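Visitor: The listed protein sequences correspond, in order, to chains A and B.
This note's numbering applies: residue 70 is where the first sequence begins, and numbers increase by one.
This note's numbering applies: residue 40 is where the second sequence begins, and numbers increase by one.
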Amino acid sequence: MVPSRTLSPTANLPQENSTMNSASRPVIGIFGAGKSGVAIARLALDAGYTVHVATSGTVEDTDQLLRFVAPGVIAATVRDLLTLADILIIAVPLRRFRELPLHAMAGHIVIDVMNYWPPIDGTLPDFNNAERPSSVIIQEALPDTAQLVKTFNHLGYHQMEDLPRPTGAPDRTALAIAGDDADAVETVARLVDDLGFEPLPAGPLTASDRLEPDGPVFGRQLDAMDMRRILQTDHSEQAA
Amino acid sequence: MELGVFSLSDIYPDSPDTAASRIDDIISYGILAEQHGLDVYGIGEHHTRQFAVSSPAVVHAAIARATQRIKLTTTASVLSVLDPVRVYQDFATLDLVSHGRAEIIAGRSAFAEPFALFGEDIAQLDDLFAEKLDLLLRLREQKPLTWEGRFRPPLHEAEVNPPAHGDLPVWVAVGGTPSSALRAGRLGLPMALGLIGGTIDHAKRLIDLYRSAGREAGHPAERLTVGITSHFYVGQSQEQALEEFYPYYHRYLSPETNGGRGFYVDRPTMQAMASRRGALIVGGPREVSEKILEMRSVLGIDRFLGQVDLGGMPQQMVRDSIQRFGDDVAPAVRHVLAT
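This is the structure in structure tokens:
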């Protein structure tokens, strides 16, 4: 449920001049200026999106940082991000996601870039031995009208920087997209496509464990055909 | 420009290597690096059985007495979980043992285990690192210190001994997180940037941020020193180097050797990483020299350290790589920079 002022019928058409049409695109708001947050911000900016980033530091610090690592991306407060952006992207360490104003994300599409990865983050009680994907736990912490979509999490930040290719390129890398709301998945698929990756819907959040660190596509540079095959194989094995 | 090598002391699971044999190897590589004219030798600190060294100062002490010139650094010290008083004492002692060659590269930790081991809360990682770095820097001043923080008992007019021989350089290890580069610059400390994957362009953005933050905070340009670390192998030729290095690199990066957090690198990906703008420094002496010079000219770096010993590489292969680096690459780099 994206505010209608930002989505026009042309938003998903191929765009000759991205800056000319940028007003019709959803505004992107990213929580976190770490490795992944910055990589996504740069890609979205290059694709002609307006991008805001908020961090746990001051806006001045965020601005100083962005001037070098992602010039053109706008520093914002965490609060402002909620009003400025249509699509919110959570790219903070998973152990810190509850510090975000989750209740205020109602009505937004929210992209979950985080991973539960104990060797790096340590053991998190909410997520350890949870027997359900981390994104399901995050969805439960969000208001009902927030639509959570998981993607970008399974590529490293260097891969995100190096692998984007235009639509139709033979060596295009696929990004799996898991989410419960078809419209939200479609909107995120357009974003993924614009950023230079082949969007591949990968079922509901309950199946998003296949995108997680122990899953079959994590960290792998795959084209859409290979990724579809791997996800289907993995799925039928699980079902069997 | 300083050139050196380092080991993280990883023990390849399916090899006959033990912590004892790896420590022997790592001491011998440090001595060899000095014999071939390299400037710096680094040893990492890790706290799981997959690695041989949890206490780099102790291993460095053995190298110190068999060498005269080479700087002995850490790649890196896990300062977030350690008591800065003890870290200072260990490295001030190493500084006396080595007659002024000890150095610390202070890191936040790439792994979770040390936090459980030392009873620190990983959720406080940023605050822990900032506070402990602050105390370590104050201790370097070698004056009776009154200090108070959140994570350890206060100090009152404390004298911490021994005083180091020299000024005991402290670098900040940065892995790619922009806020870490910003902090290092503001503190005016030298930055050791780990270039693992990605491109020189990515490193340039972080270095520009670091230098700008340092200048804005009023630190003179000459204090804003940058070192790069990278996976590394010098073979006889580019082709042979890639061929020989690939199997070890593949298994070093794999999840099996990284407690589940690795990935499988394929040959074309490795080749792309070793290309001119890529992060991987693997090639013949000519290619490695050119790449170090390119990093020097594009990034303005003051130091390059290569991770010379990884994934169970045979001892002779590591020794050959150190020898080619010291005998062929280093003179070529120094020659170009001197002209």
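Quick reminder that beta carbons are idealized off the backbone N, C-alpha and C, glycines included.
Please read all numbers here as calculations on a predicted model, not as lab measurements.
Using the beta-carbon count (16 or more within 10 Å), is R234 (chain A) buried or exposed?
Guide: With fewer than 16 Cβ atoms within 10 Å of its Cβ, R234 (chain A) is classed as exposed.
Visitor: With a cut-off of 9 Å, does the C-beta of A253 (chain A) fall near any C-beta of chain D?
Guide: Given the protein chain composition of this structure (A and B), no chain D is represented.
Visitor: From the DSSP output, in three-state form, read off K330 (chain B) for me.
Guide: Here K330 (chain B) sits in helix by DSSP.
Visitor: Quick one: Cα of Y303 (chain B) to Cα of R289 (chain A), how far?
Guide: Taking the straight line from one Cα to the other gives about 8 Å.
Visitor: With 9 Å as the threshold, decide whether the Cβ of L76 (chain A) is near any Cβ in chain B.
Guide: With a pLDDT of only 39 at L76 (chain A), under 50, the local geometry of the prediction cannot be trusted, and no value is derived from it.
Visitor: How would you call M309 (chain B), buried or exposed, if buried means at least 16 neighbouring beta carbons within 10 angstroms?
Guide: Classification for M309 (chain B): buried.
Visitor: Could you check whether I102 (chain B) and I143 (chain B) sit closer than 9 Å to each other, using their CB atoms as the reference points?
Guide: Taking 9 Å as the Cβ cut-off, I143 (chain B) and I102 (chain B) do not qualify as a contacting pair.
Visitor: Give the interface partners of D130 (chain A) over in chain B, defined as CB-CB distance under 9 Å, in chain order.
Guide: Here the neighbours are S218, L221.
Visitor: Taking the C-alpha atoms as reference points, what is the distance between A369 (chain B) and H172 (chain A)?
Guide: Approximately 58 Å, taken between the alpha carbons.
Visitor: Which one or two residues does DSSP pair with G101 (chain A) in a beta bridge?
Guide: Paired residue(s): none; G101 (chain A) is not in a bridge.
Visitor: Only counting runs of 3 or more residues, tell me where the beta strand (DSSP E) segments fall wholly within the segment 125-155 of chain B, in order along the chain.
Guide: As far as the segment 125-155 of chain B is concerned, its whole beta strand (DSSP E) runs of at least 3 residues are 143-146.
Visitor: Are the segment 263-282 of chain A and the segment 324-332 of chain B touching by the rule of at least three beta carbon pairs closer than 8 Å?
Guide: The segment 263-282 of chain A is not in contact with the segment 324-332 of chain B.
Visitor: Once the 5 residues before and after D115 (chain A) are set aside, which same chain residues still bring their CB inside 7 Å of it?
Guide: Closer than 7 Å at Cβ, skipping near neighbours: no residue.
Visitor: At a CB distance below 8 Å, what residues from the segment 186-208 of chain A approach chain B? Give them in sequence order.
Guide: For the segment 186-208 of chain A, which is checked against every Cβ of chain B, the residues closer than 8 Å are W186, P187, P188, I189, D190, G191, T192.
Visitor: According to DSSP, which residues form a beta bridge with G345 (chain B)?
Guide: DSSP output for G345 (chain B) lists B:V44, B:S269 as bridge partner(s).
Visitor: Roughly how many angstroms lie between the CA atoms of Y80 (chain B) and V117 (chain B), to the nearest whole one?
Guide: Roughly 17 Å between the two C-alpha positions.
Visitor: With distances taken Cα to Cα, identify the nearest neighbour of G351 (chain B) among B:G317, B:P286, B:R373.
Guide: Residue B:P286 is the option with its Cα nearest to G351 (chain B).
Visitor: Exposed or buried, what is L248 (chain B) when buried is set at 16 or more other beta-carbons lying within 10 Å of its beta-carbon?
Guide: The residue in question, L248 (chain B), is buried, as its Cβ has 16 or more Cβ neighbours within 10 Å.
Visitor: Comparing the C-beta of V257 (chain A) with each C-beta of chain B, is any distance below 9 Å?
Guide: Answer no: the Cβ-Cβ gap between V257 (chain A) and chain B never drops below 9 Å.
Visitor: Suppose the cutoff is 6 Å on Cβ atoms and the five residues either side in sequence are ignored; what does the same chain contact list for D129 (chain B) look like?
Guide: These residues qualify, in order along the chain: A96.
Visitor: So, is the C-beta of L134 (chain A) closer than 9 Å to a C-beta in chain B?
Guide: By this cut-off, L134 (chain A) is an interface position.
Visitor: For a contact meaning CB atoms closer than 8 Å, what does A102 (chain A) contact in chain B?
Guide: Per Cβ cutoff of 8 Å: P217, S218.
Visitor: Assign H121 (chain A) to one of three DSSP states: helix, strand, or coil.
Guide: Looking at H121 (chain A) - three-state DSSP - the assignment turns out to be strand.
Visitor: Starting from V211 (chain B), follow the beta strand (DSSP E) in both directions and report where the run begins and ends.
Guide: Note, V211 (chain B): beta strand (DSSP E), 209-213.
Visitor: So, is E230 (chain A) buried or exposed, given that buried needs 16 or more other C-beta atoms within 10 angstroms?
Guide: Burial call: buried.
Visitor: Between which two residues does the alpha helix (DSSP H) containing V321 (chain B) stretch?
Guide: Where V321 (chain B) is concerned, there is no enclosing alpha helix (DSSP H), although the beta strand (DSSP E) it sits in stretches over 320-322.
Visitor: Within the chosen definition, does the segment 313-324 of chain B reach the segment 275-284 of chain B through at least 3 CB pairs nearer than 8 Å?
Guide: Yes, since at least three Cβ pairs between the segment 313-324 of chain B and the segment 275-284 of chain B fall closer than 8 Å, the two stretches touch.
Visitor: Alpha carbon to alpha carbon, how far is N222 (chain A) from R88 (chain B)?
Guide: One C-alpha to the other measures close to 29 Å.
Visitor: State whether the segment 357-373 of chain B contacts the segment 262-275 of chain B, with contact taken as three or more CB pairs (one from each stretch) at a distance under 8 Å.
Guide: These segments touch.
Visitor: Taking only the alpha-carbon atoms, compute the straight-line gap between V372 (chain B) and F343 (chain B) and give it to the nearest angstrom.
Guide: One C-alpha to the other measures close to 11 Å.
Visitor: Would H270 (chain B) pass as an interface residue toward chain A - the criterion being a Cβ-Cβ separation below 9 Å?
Guide: Chain A contact via Cβ: absent.
Visitor: Going by CA-CA distance only, name the one from A:F137, A:I189, A:A210 that's closest to P217 (chain B).
Guide: P217 (chain B) has its Cα closest to that of A:F137, out of A:F137, A:I189, A:A210.
Visitor: Which residues mark the beginning and the end of the alpha helix (DSSP H) in which L134 (chain A) is found?
Guide: Start and end: 128-138.
Visitor: So is G106 (chain A) buried or exposed if we call it buried at 16+ other beta carbons inside 10 Å?
Guide: Buried: at least 16 other Cβ atoms inside 10 Å.
Visitor: So, are the CB atoms of F364 (chain B) and V44 (chain B) less than 9 Å apart?
Guide: Cβ atoms of F364 (chain B) and V44 (chain B): closer than 9 Å.
Visitor: Comparing alpha-carbon positions, which option in B:K243, B:Q346, B:G76 lies nearest R335 (chain B)?
Guide: It is B:K243.
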